[in-house]
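Below is one structure, written out as structure tokens; the observations come after it.
Protein chains: 2
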Amino acid sequence: MSDLLERLRGRGWRLTSQRRVVAEVLDGEHVHLTADEVHARAARRLPEISRATVYNTLGELVSLGEVMEVATDGRAKRYDPNAHRPHQHLVCASCGTVRDVHPTGDPLADLPAAERFGFAVSAVEVTYRGLCPDCARARA
Amino acid sequence: MSDLLERLRGRGWRLTSQRRVVAEVLDGEHVHLTADEVHARAARRLPEISRATVYNTLGELVSLGEVMEVATDGRAKRYDPNAHRPHQHLVCASCGTVRDVHPTGDPLADLPAAERFGFAVSAVEVTYRGLCPDCARARA
DNA sequence: TCTTGACTTGGACAGCGTCCATCGTAGGAT
DNA sequence: ATCCTACGATGGACGCTGTCCAAGTCAAGA
Ligand SMILES: [Mn+2]
Ligand SMILES: [Mn+2]
Ligand SMILES: [Zn+2]
Ligand SMILES: [Zn+2]
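First to last, the sequence lines map onto chains H and X. Counting from 6, one number per residue, gives the positions in the first sequence under this note's numbering. Counting from 6, one number per residue, gives the positions in the second sequence under this note's numbering.
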């Protein structure tokens with residue numbers, strides 16, 4: 006993630022402590038935090054960071070393609086630093102846990118031209134839903 | 006849709022004028038209205054119907070499996086009466102138009118057991134994104 | 001060290017949806 | 001036909017998520 010900061014500086018970004026902390030919070034695998042979770046974790050290191058700055062920084066990271074926005078349902082969007090390796094998501098219908106998954110096959114190829122209605126289709130999102138092992142056990 | 010009202014009465018529902026009007030508004034093909042759009046159309050026939058009642062009725066129809074909830078993005082959920090024939094959605098990234106599509110193949114089969122992490126996977130949603138013909142023309 | 005415009009802040013605001021106390025009425029009972 | 005009452009409708013307050021703005025702050029180049 007430190008090369009991320011380098012890349013951003015290369016694009017003319019000021020390296021503020023706020024942006025540094027947000028980038029640190031987003032470091033890791035299988036990270037799918039909401040904006041408010043990012044804010045809470047960032048505030049542990051930098052107590053007075055504002056919600057507005059977290060939203061601004063996340064939005065910029067998304068525009069730059071460094072972070073992916075994941076809309077799991079009607080709740081808050083989640084932010085995913087694993088933006089460079091394309092993947093899909095498996096969501097627990099009970100607790101909301103999100104896992105990265107890598108299905109085989111190309112879903113774009115499964116949409117025949119006759120089913121495209123003249124749209125220029127550029128992307129496809131696949132969301133698998135089910136019960137995670139913990140929730141399945143609790144329900145049994 | 007009148008058989009819908011019969012089915013609902015069979016389940017012990019009171020047939021109020023409000024519920025009748027909401028069901029009428031949701032009749033048709035390729036209908037993907039937001040709750041507020043449903044409310045606006047219902048109010049043309051029944052001026053004093055409340056937002057709360059529209060939300061309640063839509064929620065009940067979803068629980069009964071008569072209507073599908075479609076979360077297109079960060080905007081309002083859309084309600085889809087075409088719940089009995091499984092299908093996926095093609096969404097215009099610019100204007101938000103939603104089309105029903107029927108891809109070939111089974112996306113569930115594309116997720117190997119090793120990629121399920123012990124989840125009991127029960128459903129999969131596929132959302133295709135692109136530009137509709139109108140928006141593509143406007144952008145050219 | 002100085003300067004400046006990019007960045008941050010906190011609070012107001014807006015959209016979408018839920019909740020709740022109160023009122024009204026559908027539909028069974030008589 | 002009338003009465004009863006539990007279920008449903010109402011509308012306004014509320015909560016969550018996210019955006020916007022005017023004012024203050026500071027990173028970084030000169
Ligand atoms: Mn992910
Ligand atoms: Mn549909
Ligand atoms: Zn779970
Ligand atoms: Zn369009």
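Just so it is clear, CB atoms sit at the ideal spot from N, CA and C, and this is done for glycine as well.
- Against chain X, a Cβ distance below 7 Å from His107 (chain H) picks out Glu120.
- Residue environment analysis places Cys97 (chain H) among the buried positions, since at least 16 neighbouring C-beta atoms fall within 10 angstroms of its C-beta.
- Excluding sequence positions up to five before and after Gln93 (chain X), its CB lies within less than 8 Å of the CB of Asp105, Val106, His107, Pro108, Glu130, Val131, Thr132, Tyr133, all in the same chain and listed in chain order.
- Proximity to His89 (chain X) across X:Gly17, X:Val27, X:Gly33 peaks at X:Gly33, based on C-alpha coordinates.
- Using a cutoff of 8 Å, the CB of Asp85 (chain H) counts as near ligand 1, since one of the ligand's heavy atoms is closer than that.
- For Glu130 (chain X), the C-beta contacts it makes with chain H under 9 Å involve Glu130, Val131, Thr132, Tyr133, Arg134, in order along the chain.
- Under the Cβ criterion of 9 Å, Cys100 (chain X) is not counted among the residues facing chain H.
- DSSP places Ser68 (chain H) in the uninterrupted alpha helix (DSSP H) bounded by 56-68.
- In terms of Cα proximity to Asn87 (chain H), the closest of H:Ala143, H:His35, H:Glu120, H:Gly123 is H:His35.
- When secondary structure is reduced to three states using DSSP, Gly135 (chain X) falls in the strand class.
- For Val26 (chain H), the uninterrupted alpha helix (DSSP H) segment begins and ends at 22-30.
- Remark: three or more beta-carbon pairs, one from each stretch, lie closer than 8 Å, so the region 73-86 of chain X and the region 36-53 of chain X are flagged as touching.
- Within the region 65-83 of chain H, Ala76, Asp78, Gly79, Lys82 place their CB atoms closer than 8 Å to a CB of chain X, listed in sequence order.
- Of all residues in the region 13-43 of chain X, none is placed with a Cβ closer than 9 Å to any Cβ belonging to chain H.
- Annotation note: the region 69-140 of chain H contains the following uninterrupted beta strand (DSSP E) runs of length 3 or greater, listed N- to C-terminal: 73-75, 83-85, 93-97, 103-106, 125-136.
- Its Cα nearest to that of Cys100 (chain H), the residue X:Phe124 stands out among X:Arg46, X:Ala28, X:Met73, X:Phe124.
- The Cβ of Arg104 (chain H) sits closer than 9 Å to at least one Cβ of chain X.
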